[in-house]
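Encoded as structure tokens, the structure appears first; notes follow it.
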Amino acid sequence: MYLDYNATTPLDRRVFEIMAPYMTERWGNSSSPYRFGNQARIALEKGRARVAECIGAETGEIVFCASGTEADNLAVRGVAAALRTRGNHIVTSSVEHHAVLYTCRALEAEGYRVTYLPVDDDGLVGLKELEKSLTPETILVTVMHANNETGVLQPVGEIARIARERGIVFHSDAVQTAGKLPGRLCGTGADLLSLSAHKFYGPKGVGALYVRKGTPISPRITGGPHEHGLRAGTENVPGIVGLAAALALAAESARAEAERLALLRDRFENRVLEAVPGTRVNGRGAPRVPNTSNLSFDAVDGESIVLGLDLGGICVSTGSACSTGDPEPSHVLLAMGLSPKEAQGSIRVSLGRHTEEKELDAAVDTLAQTVARLRAISSI
Amino acid sequence: MDNPDELMEQPDLAGPILFYNEEVIEHFTNPRNVGELPEAETDGYGLVGDPSCGDQMKLWIQVREGRIEKIAFKSFGCPGAIATSSMLTELARGKSIEEARRITDDDVVEALGGIPERKKHCSLLGVMALQAAIQDWESRTSEDGGARP
């Protein structure tokens, strides 16, 4: 039973079938001057138009790249570099994905000043703190849309307004909301928005960055004139075709799927709280993306729960997938005020398209047994 | 890819478990000597914590004629901590105090057939708890003027 859709999702078969010809028959280089290359170029630009349409952008505002992480890097480093002469201050949150967090840390080493906004117990950034942090030197605000570990949705609409009033560029990592939440720019109002195909039933190895027209940004990868000069390198045409198709398909059912998953998630959480004493749901008081549940269990270790569930045929994770194997407790949960012990006893359950009520009920049973077994061993 | 259906398959649950070998999984699933010794049976008790990861271990020993007659542990921690604690108690049970004192974290890891590098520090926890319990036994026996066996 796969309950780790925030880590990755299976490729939609319809998407695979749309992609396949661009690997087998229409494999031309989209930059080539002959008709065979033009076939690839047309597919690429159709994909771009489709993505733009899905998120309510203009075609020229979409830049394709190789991952959500790369999109974040291009946004944060690209804007920081383009505005270096105007200021050196960047504002972000303490709960960002490592793709943004570690990029900001790297920029600190390059001489930028970074403010990491704290979050409240539910994981939300405070707008007052944001306003207080802004200075004439501030060139970029980057705050994620949905947190990958807790699903907590930041007030990105308000953040966008505050940044715009001051002429500050606003980037949002929407990797966990694209294809899940309807609305223009997933409702963020951001100047830059990062997406990753494999989080919405598209292929791995392809991402996109929305760049509002006129946003100052410079490329991080230089070379040919691909992607409006913002990202050199022969385009991954099958991947881009797949990203576009997957986003369109996900957008089509986003509203209904969000409602379905919210019901499943709430039922799951209520059942776990009933079946397992000493449990807390992290971020429950905040608006959340409807598929994500972050749970803390007293006196047990999250990695032991994950292994116990794995032995029972259930895939969940501790924190984000990239940091599994990292002994550090989640920076997200620590920022929300959990003690290291509480953070250590946490798991993330994330639902998706193939999740059904019956299997979730079975997961609750296995989870309750696993936690009970570990507590019988626990010294706490 | 002749069959696109393969794309939609559930994950491979028959394959090896990431990070840990079968012996570690076995000790994680069925840890040996779990529990607490009642006060009347306890000759030595050790409580240690690993501040680097938050793991904690409690260990009890009963000593008869200079040998570890009974041993029990409880552990809060990752699978590596649970499995190494379990294996440590297996290695120490029945050993003389002198033999038990010489058990190292490498012995525990070797007995388990290896654990991932980043988990090596877990195996120290059990060894430290055993040493603490032996020290506790020593101080108890000296207080009693060596009256306890």
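Residue numbers (the numbering used here), protein chains in the order written: chain C, 36 to 415; chain A, 77 to 225.
For each residue, glycine too, the CB sits at the ideal point set by N, CA and C.
Where does A:I158 fall in DSSP's three states?
Here residue 158 of chain A corresponds to residue number 82 of the second sequence, with the count starting at 1. A:I158 falls in the helix class under three-state DSSP.
On the three-state DSSP scale, how would you describe A:Y121?
Translated into the one-based positions of the second sequence, residue 121 of chain A becomes position 45. Reduced to three states, the DSSP call for A:Y121 is strand.
Check the C-beta distance from C:R388 over to C:T353 and give it rounded, since I have them as a contact under 8 Å.
Counted from its first residue, the first sequence places residue 388 of chain C at position 353. Counted from its first residue, the first sequence places residue 353 of chain C at position 318. About 23 Å separates the two Cβ atoms, so there is no contact after all.
Tell me whether A:F149 sits in a helix, a strand or coil according to DSSP, three-state version.
Residue mapping note: residue 149 of chain A aligns to position 73 of the second sequence, counting from 1. Strand.
Counting Cβ pairs, one atom from each stretch, are 3 or more of them under 8 Å apart for the stretch 137-152 of chain C and the stretch 182-199 of chain C?
No: the two stretches stay apart, fewer than three of their Cβ pairs being nearer than 8 Å.
Taking the alpha-carbon of C:L175 as reference, which of C:A87, C:I203, C:V187 has the nearest alpha-carbon?
Sequence index remark: in the first sequence, residue 175 of chain C carries index 140 (1-based). Nearest C-alpha to C:L175: C:I203.
Going by the beta-carbon positions, is the gap between A:S151 and A:M133 smaller than 7 Å?
Numbered from 1 along the second sequence, position 75 holds the residue referred to as residue 151 of chain A. Numbered from 1 along the second sequence, position 57 holds the residue referred to as residue 133 of chain A. The answer is yes: Cβ separation under 7 Å.
Go through its chain and collect everything with a Cβ distance to A:G190's Cβ below 7 Å, but skip five positions before and after it.
As a first step, residue 190 of chain A must be located in the second sequence, where it is residue number 114. Contacts found: N97.
Could you give the first and the last residue of the continuous beta strand (DSSP E) run that contains C:G242?
Counted from its first residue, the first sequence places residue 242 of chain C at position 207. Unbroken beta strand (DSSP E) run through C:G242: 242-246.
Who are the near neighbours of C:R85 in its chain, counting only those whose CB is closer than 8 Å to its CB and skipping five residues on each side?
For the purposes of this step, residue 85 of chain C is taken as residue 50 along the first sequence, with counting starting at 1. A279, A280, L282, A283, listed in sequence order.
Return the CA-CA distance between C:Q379 and C:D336, expressed in angstroms with no decimal places.
As a first step, residue 379 of chain C is located in the first sequence; it is residue number 344 there, counting from the start. As a first step, residue 336 of chain C is located in the first sequence; it is residue number 301 there, counting from the start. Answer to the nearest angstrom: the Cα atoms are 6 Å apart.
Sorted by chain position, which residues of the same chain lie with C-beta nearer than 7 Å to C:S253's C-beta, five sequence neighbours on each side aside?
Here residue 253 of chain C is taken as the residue at index 218 of the first sequence, counted from 1. These residues qualify, in order along the chain: G113, A116, A117.
Straight-line CA distance for C:G240 to C:P45?
Stepping through the first sequence from its first residue, residue 240 of chain C is reached at position 205. Stepping through the first sequence from its first residue, residue 45 of chain C is reached at position 10. In a straight line, the C-alpha of C:G240 is about 13 Å away from that of C:P45.
Tell me the residue span of the beta strand (DSSP E) that contains C:Y151.
On the first sequence, residue 151 of chain C is found 116 positions in, with the first residue counted as 1. 148-152 is the span of the beta strand (DSSP E), which, as asked, contains C:Y151.
By the 7 Å beta-carbon criterion, what residues does the stretch 368-402 of chain C contribute toward chain A?
Hits within the stretch, in order: P375, K376, Q379.
So C:E338 contacts chain A; which residues on that side make the cut at Cβ distance below 7 Å?
One-based indexing of the first sequence puts residue 338 of chain C at position 303. C154, P155, listed in chain order.
For A:T160, which residues of its own chain have a beta-carbon under 6 Å away from its beta-carbon, when the five flanking residues on both sides are left out?
What you label residue 160 of chain A is simply residue 84 of the second sequence in a count that begins at 1. Around A:T160: V184, C198, S199, G202.
In chain C, which residues lie with their C-beta within 7 Å of the C-beta of A:T217?
Here residue 217 of chain A refers to the residue found at position 141 of the second sequence. Simply none; closest approach about 25 Å.
Should A:E151 be flagged as near chain C, meaning a C-beta pair shorter than 7 Å?
Within the second sequence, the letter at position 75 stands for residue 151 of chain A. The sequence as given places Ser at residue 151 of chain A; Glu does not occur at that position. Cβ-Cβ to chain C under 7 Å: yes for A:S151.
Quick check on A:L206 - is its C-beta less than 7 Å from some C-beta in chain C?
Here residue 206 of chain A corresponds to residue number 130 of the second sequence, with the count starting at 1. False, the Cβ-Cβ gap to chain C never drops below 7 Å.
Anything in chain C within Cβ reach of A:V110, meaning under 9 Å, just list it in chain order.
Here residue 110 of chain A corresponds to residue number 34 of the second sequence, with the count starting at 1. Those are A411, I412, listed as they occur along chain C.
Determine, using beta carbons only, whether C:G122 and C:E172 come nearer to each other than 7 Å.
As a first step, residue 122 of chain C is located in the first sequence; it is residue number 87 there, counting from the start. As a first step, residue 172 of chain C is located in the first sequence; it is residue number 137 there, counting from the start. Result yes, Cβ atoms of C:G122 and C:E172 sit closer than 7 Å.
Are C:F205 and C:A198 closer than 7 Å when you measure CB to CB?
Here residue 205 of chain C refers to the residue found at position 170 of the first sequence. Here residue 198 of chain C refers to the residue found at position 163 of the first sequence. Yes, the pair counts as a contact, with Cβ atoms nearer than the cut-off.
Closest by CA to A:K171, which one among A:L206, A:E193, A:P155, A:N106?
Translated into the one-based positions of the second sequence, residue 171 of chain A becomes position 95. A:K171 has its Cα closest to that of A:L206, out of A:L206, A:E193, A:P155, A:N106.
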